[in-house]
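Under this note's numbering, read the sequence shown as residues 708 to 834, first letter to last.
All C-beta atoms in this analysis are idealised placements derived from N, C-alpha and C, irrespective of residue type, glycine included.
Reading through the structure tokens given below for one structure.
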Amino acid sequence: MVVPQYTNLHVLPALTEEYRKKCIDIPDTKERIPVGTVILYRVNDQVGKLGRMVVLSGVRGMSIGRKLVSALQEAAKAQGIKDIYLEGQVNKRGFYQKVGFQVEKEDEEPFPARSTSHYKMWMRSVS
708 MVVPQYTNLH
718 VLPALTEEYR
728 KKCIDIPDTK
738 ERIPVGTVIL
748 YRVNDQVGKL
758 GRMVVLSGVR
768 GMSIGRKLVS
778 ALQEAAKAQG
788 IKDIYLEGQV
798 NKRGFYQKVG
808 FQVEKEDEEP
818 FPARSTSHYK
828 MWMRSVS
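Below is the structure:
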């Protein structure tokens, strides 16, 4: 597997030691190179936030995103987190719905964030 070199400014913060400790990585099974990552931010005792989910473009469509969300759920359960939310791009809504997140009534309108429209979505009763 050839891993592309990239300098995506949204990904670079995950390369610091502080973020590295919070990341859940999914490695390629053969090369053991991380091909996807996600961070679980603890908002309070009951709520976590899915953040900085990235899957390399060359491995999209191989269930890496689904595995990341599953690993995030397990990490949330282990920490006693009950609900997880995310602020996802409008064009990613279908994926997040497939893995268990829903737009709630008060969050039906997309909002601008980082130059694109986003939805706030929730996964309730994780544990």
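{"Query": "A820 versus A785 - alpha carbon distance", "Result": "30 Å"}
{"Query": "Run of the beta strand (DSSP E) containing K784, from where it starts to where it stops", "Result": "Not the beta strand (DSSP E): K784 falls in the alpha helix (DSSP H), residues 771 to 785."}
{"Query": "Run of the alpha helix (DSSP H) containing Q804, from where it starts to where it stops", "Result": "800 to 805"}
{"Query": "Residue burial classification, T823 (beta-carbon count within 10 angstroms, cutoff 16)", "Result": "exposed"}
{"Query": "Distance, G772 Cα to V762 Cα", "Result": "7 Å"}
{"Query": "DSSP bridge partner residues for L763 (one or two, in chain order)", "Result": "The partner list for L763 (beta bridge, DSSP) is empty, contrary to what the question assumes."}
{"Query": "Close Cβ partners of Y826 (< 7 Å) along its chain, the five nearest in sequence each way excluded", "Result": "G795, V797, R800, V810, D814, P817"}
{"Query": "Residues near V833 by beta carbon distance below 7 Å, same chain, minus five either side", "Result": "Q780, A783, K784, I788, K789, D790, I791"}
{"Query": "Proximity below 8 Å, CB of W829 to CB of F808", "Result": "yes"}
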